Structures are given as structure tokens and as C-alpha cells.
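Counting in our numbering, the sequence shown runs from 595 upward without gaps.
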Amino acid sequence: MPKSSNDEQNRPATREELEARVASLTKKLHELEVRFSQVDRERIEYLQNVAHQLVAPLNAIKWHIENLTNARMSLERSKKVLRSVYSQATIAVHLAKNFALMSNLEADHSLAQLQEPVESVDLYRLLVNLADDFQPLGWDKQVHISVDESLKKAPPVLAIKNLIAQVFSNIIENAVKYSAKETTVRISSELESGAVRVLVRSRGIRLRAEDRARVFDRGFRSPDARNSHPAGTGFGLYIARKIVEIHDGEIMAYTDPQDCTVFEVLLDT
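Written out as C-alpha cells, the structure is:
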């Protein structure tokens with residue numbers, strides 16, 4: 595008489611089956627341990643990197659302020675030093691904001707779980723203010739930031755304002771940093787059905803085809819970026835992607851036919 599399925603289910607496991615289950619669980623536990631160790635290492639490396647990056651602008655600010663105490667300094671020289679202080683302070687604040695966002699974004703929270711108000715955000719006003727904030731970063735290379743008038747026609751987007759501001763802060767800071775001398779970072783928009791597409795174009799380090807798929811990965815920096823600017827966390831564009839995804843938007847990067855690096859952000863209105 596054949597055994598029923600109930601008999602098979604109630605049958606005690608053989609020694610070989612138990613050993614196989616134990617081996618499988620042991621393997622899974624080991625994989626989790628390796629993953630947790632990797633995450634912990636990445637977190638420590640990130641903290642060390644951010645701390646190291648913050649020291650540079652803070653030391654620069656300290657040095658510039660010490661120079662300002664020189665009674666013989668001319669007015670023109672004093673203005674230049676103050677511009678440098680502002681530029682370095684912008685970098686420090688930018689790094690601190692990215693650092694503060696990391697824990698929430700790593701937890702894969704939804705928009706509702708972030709417990710911050712969603713509001714109508716005027717993109718033109720937001721981007722003009724950000725362009726003013728980051729313009730000092732381009733002074734030494736004579737890089738100008740231009741916000742196109744087309745953004746005045748862009749309808750407001752529904753978003754958490756400070757998060758969307760951080761998206762464009764990270765993209766603009768990246769564009770200015772890697773722009774060639776005497777070029778312009780151009781910010782424009784295109785209207786789509788129920789959405790607005792913001793484009794940030796810059797001319798400098800090209801985005802290679804093989805790097806396009808990885809440019810928004812956690813901690814990724816292309817070889818060209820590392821050679822041009824050894825200091826960097828590789829987290830700015832990753833944070834931008836996470837925030838855009840939380841808002842159900844899209845973000846992409848590519849090189850256009852004019853050899854400009856373009857970052858596009860699509861947001862619902």
C-alpha cells in the first residue's frame with residue numbers, strides 16, 4: 595500500500611536531511627554575517643571619509659579668518675578672502691546635510707514614513723537660490739551657473755522641499771566641481787504631461803558609457819573623477835537617486851551630442 599502525503603509529512607527527518615538543513619542554515623547565517631560586516635565597514639569608511647572631507651573646508655575657513663585679522667590687508671583682498679570663506683562654508687554645510695540624510699535613506703523609508711511635509715515647490719526659485727549658493731565654488735575656475743528662464747513656466751512639483759533641494763544641490767555641486775575652466779553649468783527644464791524634467795548640463799570630465807550605469811551607485815567614483823579630485827565621498831549622486839526614487843521620480847545621466855554631461859531629473863507636478 596503506497597504511503598500518503600500525510601505520512602510523508604509526519605515522517606521524522608533522517609539524519610542526512612537534518613544535516614542538510616543545518617548546513618543550509620549555517621551557510622545563510624554566514625552570508626548574513628559577511629553582509630553585515632561589509633555594511634559596517636562601509637559605514638565606518640563613510641564616517642571617516644566625511645570627517646576627513648569636513649576638516650579641509652573648516653581648516654580653510656580658519657586660515658582665511660586668521661588672514662582677515664591682518665590690518666594691512668586691502669579691501670579688495672578682504673573681499674576675495676570672504677568669498678573663499680563663503681565657498682568653503684558652502685562645502686561644509688553640503689557635506690553635513692548629506693551625512694544627516696544617509697540614515698533615513700539607507701532605511702528605505704517611503705515618502706510618508708519620512709514624516710516631513712509634502713508641499714508645492716517652485717523649482718525656478720529653488721534653483722536660482724541654489725545657483726547663488728554654489729556660484730562661489732566656480733569662481734576660481736570662472737565657471738558660471740545659469741538658470742534658464744524656461745523654469746519660470748514650470749509648474750510646482752509636489753515634494754519634500756529640503757530633500758528635493760538636496761537632490762539639486764548634489765547635482766549642481768558635482769557639475770561645478772568637474773567643469774572645465776571658463777564654462778557654464780546650464781540648468782533648464784522641459785514640460786511633460788503631469789511632470790517636469792530638469793536638466794543640468796556641464797562641460798568638463800566626460801561621463802564614459804561604462805560608468806553611466808554605476809554613477810548613482812553607493813560610493814562610486816569614476817577613475818577620471820578620482821584623478822581630477824582625489825577627495826570625495828561618492829555618496830552625493832547616490833543620495834540624489836534615493837531621494838528621487840522616494841518621490842516616484844526618475845534620474846539619469848549621459849553625455850549629449852555636444853559632449854556635455856547631462857543630469858536629468860523627472861518629477862511629478
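We treat Cβ as the ideally placed atom computed from N, Cα and C, and that holds for glycine.
Keep in mind it's a predicted model, so treat the numbers as computed, not measured.
*Going by beta carbon distance, what residues of the same chain come within less than 7 Å of Pro730, once the five residues before and after it are set aside?*
What you label residue 730 is simply residue 136 of the sequence shown in a count that begins at 1. Listed in chain order, the non-local C-beta contacts of Pro730 below 7 Å within the same chain comprise Arg677, Tyr680, Ser681, Thr684, local neighbours out to five positions each way being set aside.
*asked:* According to DSSP, simplified to helix, strand and coil, what is Ala803?
replied: Numbered from 1 along the sequence shown, position 209 holds the residue referred to as residue 803. Of the three classes helix, strand and coil, the one that applies to Ala803 here is helix, per DSSP.
_Taking only three categories from DSSP, how would you classify Gly843?_
Locating residue 843 in the sequence shown gives position 249, counting from the first residue. Here Gly843 sits in coil by DSSP.
_Nearest-angstrom Cβ-Cβ length linking Leu793 and Asp862, presumed shorter than 8 Å_ = Here the question's residue 793 lines up with position 199 in the sequence shown. Here the question's residue 862 lines up with position 268 in the sequence shown. No, Leu793 and Asp862 are not in contact; Cβ-Cβ is about 17 Å, not under 8 Å.
*asked:* Looking at Asp796: is its Cβ nearer than 8 Å to the Cβ of Thr777?
replied: Here residue 796 refers to the residue found at position 202 of the sequence shown. Here residue 777 refers to the residue found at position 183 of the sequence shown. Inspection of the sequence shows that residue 796 is occupied by Ser rather than by Asp. Taking 8 Å as the Cβ cut-off, Ser796 and Thr777 qualify as a contacting pair.
*Any idea which residues DSSP pairs Asp848 with across the strands?*
Locating residue 848 in the sequence shown gives position 254, counting from the first residue. Residue identity check: residue 848 is Tyr in the sequence provided, not Asp. Paired residues: Val856.
_Give me, in chain order, the residues of the same chain whose beta-carbon lies closer than 6 Å to that of Ala725; leave out the 5 immediate sequence neighbours on both sides._
Start at 1 with the first residue of the sequence shown, and residue 725 comes out as number 131. Within the same chain, Ala725 has close Cβ partners Ile739, Val741.
*Can a CB atom of chain B be found closer than 8 Å to the CB of Ser787?*
Absent from the structure: chain B. Only one protein chain is present.
*How many Å lie between Ala789 and Lys673 at the Cα?*
Along the sequence shown, one-based indexing puts residue 789 at 195. Along the sequence shown, one-based indexing puts residue 673 at 79. Going by the C-alpha atoms only, they are around 42 Å apart.
*Would the beta-carbon of Pro651 fall within 8 Å of that of Ala690?*
Taking the sequence shown and counting its residues from 1, the one referred to as residue 651 is at position 57. Taking the sequence shown and counting its residues from 1, the one referred to as residue 690 is at position 96. Remark: C-beta atoms of Pro651 and Ala690 do not approach each other more closely than 8 Å.
*Mark Val649 as exposed unless 16 or more other C-beta atoms lie within 10 angstroms of its C-beta, in which case mark it buried.*
The residue you call residue 649 lines up with position 55 of the sequence shown. Residue environment for Val649: exposed (fewer than 16 other C-beta atoms within 10 angstroms of its C-beta).
*Rounded to a whole number of angstroms, what is the C-alpha to C-alpha distance between Arg561 and Ile659?*
Since the first residue of the chain shown is 595 and the last is 863, residue 561 is not available in this structure.
*Should Trp657 be listed as close to the ligand PLP, given that the test is whether its C-beta is under 7 Å from any heavy atom?*
Looking at this structure, you won't find the ligand PLP or any other ligand, since it has none at all.
*asked:* With a threshold of 8 Å, are at least 3 pairs of Cβ atoms found where one atom belongs to the region 830-841 and the other to the region 754-771?
replied: At 8 Å Cβ cutoff, the stretches touch.
_Within a Cβ cutoff of 8 Å, which residues of the same chain sit near Ile758, ignoring the five residues on either side of it in sequence?_
Against the sequence shown, residue 758 aligns to sequence position 164. So the list reads Val715, Leu720, Val751, Ile837, His841, Leu861, once near-sequence residues are dropped.
*Run through DSSP, which three-state label would Val712 get?*
Here residue 712 is taken as the residue at index 118 of the sequence shown, counted from 1. The DSSP-derived three-state label of Val712 is coil.
*With 16 as the cutoff for other CB atoms within 10 Å, does Thr608 come out buried or exposed?*
Residue numbering aside, residue 608 sits at position 14 when the sequence shown is read from its first letter. Exposed is the label assigned to Thr608, since fewer than 16 other Cβ atoms lie within 10 Å of its Cβ.
*asked:* My output table needs one value for Ile758: the three-state DSSP class, helix, strand or coil.
replied: Counting from one through the sequence shown, the residue named residue 758 turns up at place 164. In the structure shown, Ile758 adopts helical secondary structure according to DSSP, grouped into three states.
*Counting only runs of 4+ residues fully inside the region 602-634, write out the alpha helix (DSSP H) ranges in chain order.*
The region 602-634 contains no complete alpha helix (DSSP H) run of 4 or more residues.
*For the alpha helix (DSSP H) that contains Ala719, what are its first and last residues?*
One-based indexing of the sequence shown puts residue 719 at position 125. Correcting the residue type first, residue 719 is Arg in the shown sequence and not Ala. Arg719: member of the alpha helix (DSSP H) spanning 717-732, first to last residue.
*How long is the line joining the alpha carbons of Trp657 and Phe810, rounded to whole angstroms?*
Taking the sequence shown and counting its residues from 1, one reaches residue 657 at position 63. Taking the sequence shown and counting its residues from 1, one reaches residue 810 at position 216. Cα-Cα distance, rounded: 34 Å.
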